[in-house]
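Residue numbers (mature numbering (1 follows the signal peptide of the UniProt record, and there is no 0)): -21 to -1, 1 to 154.
Where is the CB? At the ideal position from N, CA and C, for every residue including glycine.
Owing to the predicted nature of the structure, the values given are computational and were not obtained by experimental measurement.
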């Protein structure tokens, strides 16, 4: 450290002591000024202000259309802060045909677990949650599905309420 810094660090406690414990009384020669509060001045009362002070009047309301010309409820409001995006606009959606509006069967709630060929007939193992179903051709599942056909690669179900066919891939290749 150089000598200048040492001197400043030595004078720092002296300055702190003077700030805390130094004499804070004003010099004897300066006059002490005390400002006394005054009451607010009243403006001279005229005939109009005297009547208004005693009686409160409400002016008639003016219609919004007179104050703001051109404001219509039917007019579209402008978006002052529109969102901006660099993405291109989405393609227009095609008009839905009658076939697309027709009700569709929900996806089958079953998961394929396995299959086997026994006694000349295929049987498949399907699961839903904790339940396991062993199905063969012609069986009805849960009152909503009937097994139409089981082949080594697909299981075909018919959704009975809408008579729609659905397939589940069960792997394997036809032999």
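When the options are compared against residue i, the one with the closest alpha-carbon
i           : options            : result
residue 141 : 150, 132, 129, 125 : 125
residue 134 : 109, 87, -14, 81   : 87
residue 132 : 70, 101, 71        : 101
residue 82  : -7, 143, 4, -8     : 143
residue 161 : -6, 2, 145, -12    : No statement about residue 161 is possible, as the shown extent of the chain runs from -21 to 154 and does not include it.
Classification of residue i by the beta-carbon crowding that lies within 10 angstroms, buried from 16 upward
i           : result
residue 114 : buried
residue -1  : exposed
residue -20 : exposed
residue -18 : exposed
residue 154 : No answer about residue 154 holds up, because its pLDDT of 48 lies below 50 and its placement is not dependable.
residue 148 : exposed
residue 89  : buried
residue -15 : exposed
residue 98  : exposed
residue 103 : buried
Cross-strand partners of residue i (DSSP beta bridge)
i           : result
residue 101 : 96
residue 74  : Residue 74 pairs with nothing; no bridge assigned.
residue 128 : 135
residue 113 : 104
residue 4   : Note: residue 4 sits in no beta bridge, so no partner.
residue 143 : 138
residue 90  : 106
Check whether residue i and residue j have beta carbons under 9 Å apart
i           : j           : result
residue 94  : residue 129 : yes
residue 106 : residue 92  : yes
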